[in-house]
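Novice: The following block contains the structure, expressed as structure tokens.
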């Protein structure tokens, strides 16, 4: 998933909710371009996602669950 998101062009970024992708630890993964981790955190927080003191997301609480 990360490789596909990294290949997005600038105009694609608006159509794909890339900011919702975090790693298996519930952390924002660092990127080669600076500033995107801060932007990703702000976007997630604007959606109500809460980070703990270790900068992690409680995956059990915020993980996407497809409806049955």
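Residue numbers (my numbering): 617 to 684. Yeah, the Cβ is synthetic: ideal placement off N, Cα and C, and Gly gets one too.
Given this structure, state the Cα-to-Cα distance separating residue 659 from residue 675, to the nearest angstrom.
Specialist: 17 Å
Novice: Relative to the alpha-carbon of residue 671, which residue among 631, 645 and 634 has its alpha-carbon at the smallest distance?
Specialist: 645
Novice: When burial is assigned at 16 or more other CB atoms within 10 Å of the CB, is residue 651 buried or exposed?
Specialist: exposed
Novice: Have a look at residue 666 and residue 647 and give me their C-alpha separation to the nearest angstrom.
Specialist: One C-alpha to the other measures close to 21 Å.
Novice: Tell me, please, which residues DSSP counts as bridged to residue 673.
Specialist: 667
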